[in-house]
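Novice:
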Amino acid sequence: MPLAPIKRQRLYRQVAEEIKRYILEHGLKTGDALPTEVEFAQQLGVSRPTVREALKGLQMVGVLTSRKGSGHAVGALNLLELARQFSFHAKTEGMDFRELAETRLFLEVNILPLVAQRATEEDFGRLQQAVDLLKRGSEEGDRMTYVAGDITFHQALFEASQNRLLTSFAGGIKEFFGDVRRALFASEETSKERANRDHQAICDALRRKDVRRAQELMYAHLSVYLSDRAKEGGVRMFIGPMEDIRSNVQTFKRSNVQNRRRKEGAALAFKGR
1 MPLAPIKRQR LYRQVAEEIK RYILEHGLKT GDALPTEVEF AQQLGVSRPT VREALKGLQM
61 VGVLTSRKGS GHAVGALNLL ELARQFSFHA KTEGMDFREL AETRLFLEVN ILPLVAQRAT
121 EEDFGRLQQA VDLLKRGSEE GDRMTYVAGD ITFHQALFEA SQNRLLTSFA GGIKEFFGDV
181 RRALFASEET SKERANRDHQ AICDALRRKD VRRAQELMYA HLSVYLSDRA KEGGVRMFIG
241 PMEDIRSNVQ TFKRSNVQNR RRKEGAALAF KGR
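What follows is the structure, given as structure tokens:
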């Protein structure tokens, strides 16, 4: 069997790795300035165009930021571009609605314990404002307002976790789950009134620090959309005893059905008098 030829790594990539190593070894933090292009070229023994190409590559992936007139600095964590890239590749690789919806369900159910534990009054204020925006959009038939409220609510959930990685991810929620959101709003079976109730109930449960109830509500809320669209079985989650969650969700749904039937029966009995 013939040996495969060894590919020589492009020089600018090696320079980029050296710059990253320099940042780590010198303990540089977000916003700290880096040596100049000339200084890197001299220290690494390469040309300035090679260093420039390496710096541009690192800037594109967010490792560095460019400061007009003052060189480069260490960049801040920003997952928005990563989310945009994911959204693009999800389309080109044929990722279906079910996979995206399952990912959203997994993340949003599992973030709730952190939110219940760490959310401040300011966080709850933002969540309630988002719910109010949802309600207003629904009542006025304003799709843009309704969608803005929905996006704001779910971004606020991530921010309320007080987890910097999750908070940085919140900025990419709109892009990351854009296709899921469009599909949900296109569904004729999706009730805006039901969604309003769900969001308010989730917010209220988190205020009470009732994590289990909040998870049940979120799971039931998003599972409705999955059941409308997904064709391949149930969602596999890892949030503790899954059978307990499913059992509680089914009990919750049955309770709602029973309550509705009791109300309908009472209404018919009243009319018959």
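Taking the UniProt record's numbering, the leading residue of the sequence shown gets 1, the next gets one more, and so forth. The C-beta atom is built at its ideal place from N, Cα and C for all residues, glycine as well.
Rounded to whole angstroms, what's the CA-CA distance from GLY45 to VAL38? Just pull it up for me.
Specialist: Going by the C-alpha atoms only, they are around 10 Å apart.
Novice: Whole angstroms are fine: how far does the CA of ARG13 sit from the CA of VAL63?
Specialist: Looking at the two C-alpha atoms, the distance is approximately 14 Å.
Novice: Could you check the C-alpha separation between VAL131 and LEU217 for me, to the nearest Å?
Specialist: So the alpha carbons of these two residues sit roughly 15 Å apart.
Novice: Is LYS209 buried or exposed, if buried means 16 or more other CB atoms sit within 10 Å of its CB?
Specialist: It is exposed - the Cβ of LYS209 has fewer than 16 other Cβ atoms within 10 Å.
Novice: Under the DSSP definition of a beta bridge, which residues are partnered with ALA160?
Specialist: For ALA160, which the question treats as bridged, DSSP gives no partner whatsoever.
Novice: Per DSSP, what kind of secondary structure is THR65 in: helix, strand or coil?
Specialist: THR65: strand per DSSP, three-state reduction.
Novice: From what residue to what residue does the beta strand (DSSP E) around TYR74 run?
Specialist: Inspection of the sequence shows that residue 74 is occupied by Val rather than by Tyr. Element bounds for VAL74: 71-74.
Novice: Of the residues ALA73, ARG21, GLY57 and PHE40, which one's Cα is nearest the Cα of ARG10?
Specialist: Checking every option, the nearest Cα to that of ARG10 belongs to GLY57.
Novice: Going straight from the alpha carbon of GLN200 to that of ARG98, what length do you get?
Specialist: When rounded, the distance between both Cα atoms is 25 Å.
Novice: Go ahead and label LEU105 buried or exposed: buried means 16 or more other beta carbons lie within 10 angstroms of its beta carbon, across all protein chains shown.
Specialist: Counting Cβ neighbours within 10 Å, LEU105 comes out buried, since at least 16 surround it.
Novice: Verify the CB distance criterion: does ALA119 have a CB-CB separation below 8 Å to chain C?
Specialist: Absent from the structure is chain C; it holds one protein chain and no more.
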